[in-house]
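S.K.: Mapped onto the numbering used here, the consecutive letters of the sequence shown carry residue numbers 83 to 337. Even glycine gets a Cβ: it sits at the ideal position worked out from N, Cα and C. Take this structure, written in structure tokens, and hold onto it; I'll ask about it next.
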Amino acid sequence: MSGLKPFIAANWKMNGNNALISEFAQQFDAEALSDIDVLVCPPSVYLERFSYQVAKHSSAIAVGAQNLNENDSGAFTGEISTAMLHEVNAKFVIVGHSERRSIYGETPELVAKKYNVALTNQITPILCTGESEQERDNEQTFNVIAKDIDAVIELCGIKSFEQGIIAYEPVWAIGTGKSATPEQAQEVHQFIRSHLAKYDDEVAAGVRILYGGSVNEKNAAELFKQNDINGALVGGASLVSEKFMAICQNAQSNK
Ligand code: PGA
């Protein structure tokens, strides 16, 4: 970690329930984590409950959505807007998660629109990017990531990364138990920073880049020792409050 405030985010995906929210409310001690930013992204139907049961009682934990629609309102059945997120006190949104890209066909251009609508409506976007195993084998990792980032720069400008957050999530590491090694992750994080620096040094130095993909309470500390890793986006291990807490504590002690 390189002097930027660590950021640890939980992505519950289509998991969790009222009981898990109560577990977080009772057992997750966010106040003990005053040196880092903590975010939980439950499914959208639970945003309000999480917000009022957990986040409202603590300035140390924020709530965010896993997705949003790129339009402000209208006939988009099943979708949610930034205005709705504000009403449930959600201040962050994940955009371009690899599951949205691969299962729901979200393109870099669509993801850039989502990033843009979030930013212009004062919701902080977390832009996910990462290569598949095949792309890594074909030495396409940097190209894939540059393409995702450039789509955002083209639509929103480089300064949009003053407010946004980036998450590097290699697809082959997500939910597989096979995390990238700290060195593999650092190599890509450094690439992302140097790519942004081609446009603006200050923006590149200031953006927080999270690593995601099988982060757990055992491998977190080594990842957080890397210079360009400023936190984590945690899936499976965020579904148990104790494990998520342990990852947050690691971030706090490696800041
Ligand atoms: P995982 O998921 O921690 O379960 O690998 C991470 C993510 O997809 O954000």
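Any contact of the segment 161-172 with the segment 197-213, i.e. 3+ C-beta pairs under 8 angstroms?
M.R.: The answer is yes - the segment 197-213 touches the segment 161-172, with three or more Cβ pairs under 8 angstroms.
S.K.: Under the assumption that residue 246 contacts residue 93 (Cβ atoms under 8 angstroms), give the Cβ distance between them as a whole number of angstroms.
M.R.: So it is not a contact: roughly 16 angstroms between Cβ atoms.
S.K.: Measuring straight from C-alpha to C-alpha, what distance separates residue 101 and residue 322?
M.R.: Each residue's alpha carbon lies about 11 angstroms from the other.
S.K.: At the level of alpha carbons, what is the spacing between residue 137 and residue 176?
M.R.: Taking the straight line from one Cα to the other gives about 18 angstroms.
S.K.: Cα-Cα, which of 279, 142, 151 and 217 is closest to residue 178?
M.R.: With distances taken between Cα atoms, residue 178 lies closest to 151.
S.K.: Under a three-way DSSP split, which group does residue 119 fall into?
M.R.: In the structure shown, residue 119 sits in a strand (DSSP, three-state: E or B).
S.K.: Which value, in whole angstroms, describes the spacing of the CA atoms of residue 50 and residue 272?
M.R.: Any answer about residue 50 is impossible in this case: the structure gives the chain only from 83 up to 337.
S.K.: In chain order, which beta strand (DSSP E) runs of at least 3 residues are fully inside the segment 127-202?
M.R.: Here the runs fully enclosed are 143-147 and 174-177.
S.K.: By the three-class DSSP mapping on this structure, what secondary structure does residue 262 have?
M.R.: Correct three-state label for residue 262: coil.
S.K.: Just to confirm before moving on: does the CB-CB distance between residue 294 and residue 314 stay below 8 angstroms?
M.R.: Their beta carbons are under 8 angstroms apart, which means residue 294 touches residue 314 by this criterion.
S.K.: Could you give the distance in angstroms between the alpha-carbon of residue 168 and the alpha-carbon of residue 133?
M.R.: Using only the alpha carbons, I get a separation of about 11 angstroms.
S.K.: Quick one: what does DSSP say residue 316 is sitting in, helix, strand or coil?
M.R.: Note: residue 316 maps to strand in three-state DSSP.
S.K.: Could you spell out where the beta strand (DSSP E) holding residue 249 opens and where it closes?
M.R.: 247-250 is the span of the beta strand (DSSP E), which, as asked, contains residue 249.
S.K.: With a Cβ-Cβ cutoff of 8 angstroms, do residue 296 and residue 249 count as a contact?
M.R.: No, the pair does not count as a contact, with Cβ atoms beyond the cut-off.
S.K.: Buried or exposed, going by whether 16 or more other CB atoms sit within 10 Å of the CB of residue 258?
M.R.: When all chains shown are included, residue 258 counts as exposed.
S.K.: Taking residue 294 as part of the beta strand (DSSP E), name the residues at either end of that continuous run.
M.R.: Residues 291-294.
S.K.: Going by the beta-carbon positions, is the gap between residue 209 and residue 226 smaller than 8 angstroms?
M.R.: Not closer than 8 angstroms, so no.
S.K.: Quick check: the Cα distance between residue 149 and residue 199, rounded to an integer number of angstroms?
M.R.: About 12 angstroms.
S.K.: Just verifying my parser: in three-state terms, what is the DSSP assignment at residue 274?
M.R.: Three-state DSSP puts residue 274 in a helix.
S.K.: Please name the residue, chosen from 130, 135 and 147, that lies closest to residue 75 on a Cα-to-Cα basis.
M.R.: Shown here, the chain extends from 83 to 337; a query on residue 75 therefore has no answer.
S.K.: Identify every residue that forms a DSSP beta bridge with residue 238.
M.R.: In the DSSP output, where bridge partners are listed per residue, residue 238 has none listed.
S.K.: Could you tell me the distance, in whole angstroms, from the CA atom of residue 141 to the CA atom of residue 221?
M.R.: Straight-line Cα distance between these residues: approximately 43 angstroms.
S.K.: Regarding residue 270 and ligand 1, is the C-beta to nearest heavy atom distance less than 7 angstroms?
M.R.: No, the beta carbon of residue 270 sits no closer than 7 angstroms to any heavy atom of ligand 1.
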